[in-house]
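Shown next, in structure tokens, is the structure this report addresses.
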Amino acid sequence: MIISSEIMNTSSTIQPSNKKYLSSILAANSRLGNHLFELSSLYGLAKKLGRIPTFFIQDQQHKQMLKDVEEVMPGLTKQYFVVNESSWKYFPRMRTKLMSFLKTHPSDFLNLPRSDEKSKVICVHIRRTDFAGTGFHMAEDDFIMNSIKFLETEEQQNGNLSTVLFGDDFLFMEGLINQTMGSKMTFNSSWFISRNTPSDDILYARHHCDVVFITSPHSTFGWWMGFLSKGNQVYYNDIRYTDDQSLAAGNFQPDDYFPPYWTPIKYNNSNDTTVVESLK
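Residue numbers (the numbering used here): 3 to 282.
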């Protein structure tokens with residue numbers, strides 16, 4: 003990942019910069035001739051305006067586009083500032099400011115539990131339907147159930163507990179709740195399913211999620227639920243111990259994606275389904 007020294011500055015005061023950048027929505031699914039036209043044109047415009055041409059890598063097609071142009075015209079790609087995918091490192095120390103930009107929601111979310119001094123809410127995000135066949139890891143029900151039990155144990159001293167499930171597969175989430183009724187594990191929280199819109203789920207997290215658990219580590223929506231959550235206490239399925247293909251291919255850097263104060267969790271070992279914190 004290429005990140006400028008200004009972005010990585012960790013001092014309390016960010017020095018202003020006079021640098022200006024120019025980017026564009028690129029047709030990454032086109033072919034080499036179109037790529038050369040686009041990047042040459044963007045470079046020319048940037049030079050005319052006194053700006054730095056910027057290339058945002060949004061997906062695998064953008065990676066391939068940059069690689070194809072680099073094969074024939076490496077001098078052109080070297081003129082670009084490359085922003086590689088999603089990372090908290092582009093906006094360090096800005097969580098509070100970003101939270102202040104959120105919409106003030108008039109609803110009290112009457113269908114879901116509230117977080118207060120006596121009641122804590124564990125929010126579990128489950129991404130499934132559109133991850134099927136992509137190579138991105140989807141957590142199985144056993145891991146999710148054992149992880150929720152782990153979180154309940156961690157939070158049991160913090161008052162009454164509620165667990166809220168968020169996701170795009172309601173049948174799967176309903177199945178999880180049904181499992182609690184016949185499970186050998188004893189759960190200490192009341193369970194709910196959110197059927198709100200994605201934007202309302204983010205706003206609910208802001209006001210009521212004391213703990214967030216991201217079951218599918220590649221889920222950007224789960225990431226933002228955690229980052230903007232009330233409690234700012236986030237656990238995630240440790241991608242290093244999953245079958246995620248992007249990690250094996252070297253296309254994903256966990257340290258760039260997950261903030262260092264978030265907690266990765268995993269099975270204790272291949273023969274023990276007890277969920278534990280991972281060593282970073």
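The C-beta atom is built at its ideal place from N, Cα and C for all residues, glycine as well. Treat the numbers as computed from the prediction; the structure is a model and nothing was measured.
For residue i versus residue j, is the C-beta spacing smaller than 9 Å?
{"i": "S102", "j": "H210", "result": "no"}
{"i": "F145", "j": "L167", "result": "no"}
{"i": "D245", "j": "H127", "result": "no"}
{"i": "M147", "j": "T182", "result": "yes"}
{"i": "F111", "j": "D202", "result": "yes"}
{"i": "T199", "j": "Q235", "result": "no"}
{"i": "L104", "j": "V84", "result": "no"}
{"i": "I150", "j": "T131", "result": "no"}
Give the straight-line distance between the Cα atoms of residue i and residue j, rounded to the nearest whole angstrom.
{"i": "D189", "j": "E157", "result": "In the sequence as presented, Asp is not what sits at residue 189; that position holds Phe. The alpha-carbon atoms of F189 and E157 are separated by roughly 12 Å."}
{"i": "L153", "j": "R197", "result": "23 Å"}
{"i": "L173", "j": "P219", "result": "21 Å"}
{"i": "L178", "j": "G252", "result": "33 Å"}
{"i": "Q63", "j": "K21", "result": "28 Å"}
{"i": "F184", "j": "I124", "result": "It is worth fixing the name first, because residue 184 is Gly in this sequence and not Phe. Straight-line Cα distance between these residues: approximately 21 Å."}
Using three-state DSSP, classify residue i as helix, strand or coil.
{"i": "W264", "result": "coil"}
{"i": "F279", "result": "One detail in the question is off: residue 279 reads as Glu in this sequence, not Phe. Note: E279 maps to strand in three-state DSSP."}
{"i": "L104", "result": "coil"}
{"i": "G169", "result": "strand"}
{"i": "H220", "result": "coil"}
{"i": "F145", "result": "helix"}
{"i": "D70", "result": "helix"}
{"i": "H127", "result": "strand"}
{"i": "D258", "result": "helix"}
{"i": "Y82", "result": "coil"}
{"i": "L1", "result": "The structure shown does not extend to residue 1, since the chain is modelled only from 3 through 282, so no value can be given for it."}
For residue i, which residues does DSSP report across the bridge?
{"i": "D118", "result": "DSSP, once it has assigned bridges, lists no residue as partnering D118."}
{"i": "P55", "result": "L24"}
Can you find a C-beta in chain B that's less than 9 Å from the C-beta of residue i?
{"i": "A251", "result": "The structure shown contains no chain B; it holds only a single protein chain."}
For residue i and residue j, which I take to be in contact (beta-carbon distance under 8 Å), what is that distance rounded to the nearest angstrom?
{"i": "L44", "j": "S26", "result": "5 Å"}
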